[in-house]
Amino acid sequence: MSNIGDQISFFEEENVLDDYHDVTDLLIDDLIKRQLIKDYGIEVFDPNEPEMFIRRLRNTWMDCEANEER
């Protein structure tokens, strides 16, 4: 994977251009396959609104740094 800089941004649906093709899931799947991030599932904010959630992703290098500090 290659990208410019260290940040990867995701668009909110209401700000997406008409010809924009969402590749968020493809990108996340690729990062998981390359063992750069781990997927810890989703966290639902309100059980009455299950569509409001975050995907719990974590950089694997963060875990390595935490282990080195111990």
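Quick note: the sequence shown uses the working numbering, first residue 849, plus one each step.
Beta carbons are placed, not taken as given, at the ideal position from N, Cα and C, and that holds for glycine.
Item                                                                                              : Value
Beta-ladder partner(s) of Arg906, from DSSP                                                       : Lys886
Inter-residue Cα distance where the pair is Leu874 and Ile880                                     : 10 Å
Alpha-carbon to alpha-carbon, Asp870 and Pro895                                                   : 27 Å
Identity of the residues DSSP links to Glu891 by a beta bridge                                    : Ile902
Residue closest to Tyr888, alpha-carbon to alpha-carbon, out of Asp867, Arg903, Tyr868 and Thr908 : Arg903
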